Amino acid sequence: MLNICSVCAAMTALFAAPQSMPPLDQQRRHSSDYGVKINHPTSYDDNPSFKGPIVLEEMRSPDYYRRRIRHYMSNDKLRNPLPHHETKSPIQLNSNAPTATIIKAVVEHLARKDAPVDVKEVAESTEFYLRIGKRMFGAARRSMKNKANANQDDEEDTITIYDLCSGHGLTGMMFVACNPPRGNYRQLVRAVLVDQSKPQSHNVLREIISEVCPWVTADTIQFETCSLEDFKSKTNDMEGNASIVISTHACGSLTDTVLSYAVDKHASAVAVMPCCYTGTDQGTPYGLRRMLGVSLSADVRRSFYLQDHEYHGDFATIPKAITPMNRIIVGEKRK
Numbered sequence: 001m002l003n004i005c006s007v008c009a010a011m012t013a014l015f016a017a018p019q020s021m022p023p024l025d026q027q028r029r030h031s032s033d034y035g036v037k038i039n040h041p042t043s044y045d046d047n048p049s050f051k052g053p054i055v056l057e058e059m060r061s062p063d064y065y066r067r068r069i070r071h072y073m074s075n076d077k078l079r080n081p082l083p084h085h086e087t088k089s090p091i092q093l094n095s096n097a098p099t100a101t102i103i104k105a106v107v108e109h110l111a112r113k114d115a116p117v118d119v120k121e122v123a124e125s126t127e128f129y130l131r132i133g134k135r136m137f138g139a140a141r142r143s144m145k146n147k148a149n150a151n152q153d154d155e156e157d158t159i160t161i162y163d164l165c166s167g168h169g170l171t172g173m174m175f176v177a178c179n180p181p182r183g184n185y186r187q188l189v190r191a192v193l194v195d196q197s198k199p200q201s202h203n204v205l206r207e208i209i210s211e212v213c214p215w216v217t218a219d220t221i222q223f224e225t226c227s228l229e230d231f232k233s234k235t236n237d238m239e240g241n242a243s244i245v246i247s248t249h250a251c252g253s254l255t256d257t258v259l260s261y262a263v264d265k266h267a268s269a270v271a272v273m274p275c276c277y278t279g280t281d282q283g284t285p286y287g288l289r290r291m292l293g294v295s296l297s298a299d300v301r302r303s304f305y306l307q308d309h310e311y312h313g314d315f316a317t318i319p320k321a322i323t324p325m326n327r328i329i330v331g332e333k334r335k
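When we follow UniProt numbering, the leftmost residue of the sequence shown carries the number 1, and every step to the right adds one.
As structure tokens, then:
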């Protein structure tokens, strides 16, 4: 039997050792099948590789755009509003546009319109999608494939994103924007955003994004103004449906409420980026709390919670330059 100290030491080395984060591979199209992932970052690197733009500048080399977060950090702009630029109107994208083009167009148009959103929030939403989007949709599509009924209607071809504690809802809208209905494949992606209050910025952001991505509309983006408990009581079981639950920086125990919601409703996949860890390590062994600290021991407990409820649990991160609260807990429903 393994000694608890050796287990703790191994886990500490696994999560704390600084390792080089590989760049995201644009050639790999598969989703997780619970195996070893190339280009699946699970370490915490202060100097990661980036892809895609977030700064609206004149067109330069791809290497320049990959440094987008460093640009803001070096200019102390990460927590400031997006820079406003008066430029010509953007070209409306079609549904066959690649993800990199969509993200570039959306972010540049947010800057162009002087959108009511901070650079940090744009960076968080963009990187959150880039790190776990393919895995989430892979799990949702497996749920669709495994349905017993072969004659699926349009409703059954819908993947629903539940963005809980969504704030203005930019993350959920990015999931919809980056997954348009393509070609003859009539799969629809919609988002349900849930928060206790609806910020005035939500409608503004949705309208700005829809000017570039016309599939982002009031029909594909729904905002529910209520508590998580109230929303849980009025939504149906998701078992057999293609559903993804996400949440970025739900404070404290709200992250646990989000995970509980995903498990109770049998979501296809769930991804949360926790925040505010005070008291969230309750229920973890003392040795883990002492060796790993409050935040990591709390997230280890959460990963075991997902595993105990038939989810494949894993970790990912967004670049630490954006936020120190950069760890993502990922859960994919087992077959």
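The C-beta atom is built at its ideal place from N, Cα and C for all residues, glycine as well.
This structure is a prediction, so every number in the text was calculated from the model and none was measured.
Keeping to the same chain, check which residues put their C-beta closer than 7 Å to that of residue i; ignore five residues upstream and five downstream.
| i | result |
| --- | --- |
| HIS202 | HIS168, GLY169 and PHE223 |
| GLU57 | Its pLDDT being 42, under 50, GLU57 is placed unreliably by the model, and the measurement read from it follows with that caveat. Nothing listed; no residue qualifies. |
| PHE231 | VAL194 and GLU224 |
| SER210 | VAL216 and THR217 |
| TYR286 | none |
Taking all protein chains shown into account, decide if residue i is buried (16 or more other Cβ within 10 angstroms of its Cβ) or exposed.
| i | result |
| --- | --- |
| THR278 | exposed |
| GLU332 | buried |
| ILE161 | buried |
| MET59 | In this predicted model, MET59 has a pLDDT of only 38, less than 50, meaning its place in the structure is not dependable; the value taken from the coordinates is given anyway. Per the 10 Å Cβ criterion, exposed. |
| PHE304 | exposed |
| ASN241 | buried |
| CYS251 | exposed |
| GLU127 | buried |
| GLU310 | exposed |
| ILE91 | exposed |
| ALA262 | buried |
| ASP299 | buried |
| PRO98 | exposed |
Span of the beta strand (DSSP E) holding residue i?
| i | result |
| --- | --- |
| TYR277 | Note, TYR277: premise wrong, no beta strand (DSSP E); not H, not E. |
| ARG190 | 188-195 |
| residue 336 | Outside the shown range of the chain, which is 1 to 335, sits residue 336, and nothing can be said about it. |
| THR248 | 243-251 |
Starting from residue i, trace the alpha helix (DSSP H) both ways and give me its first and last residue.
| i | result |
| --- | --- |
| GLN92 | Per DSSP, GLN92 belongs to no alpha helix (DSSP H) and is neither H nor E. |
| GLU121 | 119-145 |
| ALA262 | 254-264 |
| THR171 | 170-177 |
May I ask you to report which of helix, strand or coil DSSP gives residue i?
| i | result |
| --- | --- |
| GLY331 | strand |
| GLU310 | coil |
| THR217 | coil |
| ILE322 | coil |
| GLU57 | In this prediction, GLU57 scores a pLDDT of 42, lower than 50, which makes its location untrustworthy; the coordinate-derived value is nonetheless stated afterwards. The answer is coil: DSSP assigns GLU57 none of H, G, I, E or B. |
| HIS202 | helix |
| ALA267 | coil |
| ASP157 | coil |
| THR235 | coil |
| HIS71 | Its pLDDT being 42, under 50, HIS71 is placed unreliably in this model, and the coordinates cannot settle the point. |
| ALA298 | helix |
| ALA316 | strand |
What residues in its chain sit with their C-beta under 6 Å from that of residue i, if we drop five residues either side in the sequence?
| i | result |
| --- | --- |
| MET325 | CYS275 |
| PRO180 | SER95 and TRP215 |
| residue 338 | A question about residue 338 goes unanswered here, because the residues of the chain that appear run from 1 up to 335. |
Closest Cβ-Cβ distance between residue i and chain C: below 8 Å?
| i | result |
| --- | --- |
| SER125 | No chain C appears in the structure shown, which is made up of a single protein chain. |
Throw me the rounded Cβ distance for the residue i and residue j pair, which I believe falls under 8 Å.
| i | j | result |
| --- | --- | --- |
| THR220 | ARG182 | Wrong, their Cβ atoms sit about 14 Å apart, outside the cutoff. |
| CYS213 | LEU306 | That pair is no contact at about 32 Å. |
| ALA316 | ARG131 | 5 Å |
Closer than 8 Å by C-beta to residue i: which residues in its own chain qualify, once you throw out the five before and the five after it? Chain order, please.
| i | result |
| --- | --- |
| ILE208 | HIS109, LEU110, LYS113 and ALA115 |
| THR171 | GLU124, SER125, PHE128, TYR129, ASP163, ILE246 and THR248 |
| GLN196 | THR225, CYS226 and SER227 |
| VAL294 | TYR277, THR278, THR280 and ASP281 |
Please find out if some non-hydrogen atom of the ligand HEM comes closer than 7 Å to the beta-carbon of residue i.
| i | result |
| --- | --- |
| ASP314 | In the structure shown, the ligand HEM is absent, as is every other ligand, since no ligand is present at all. |
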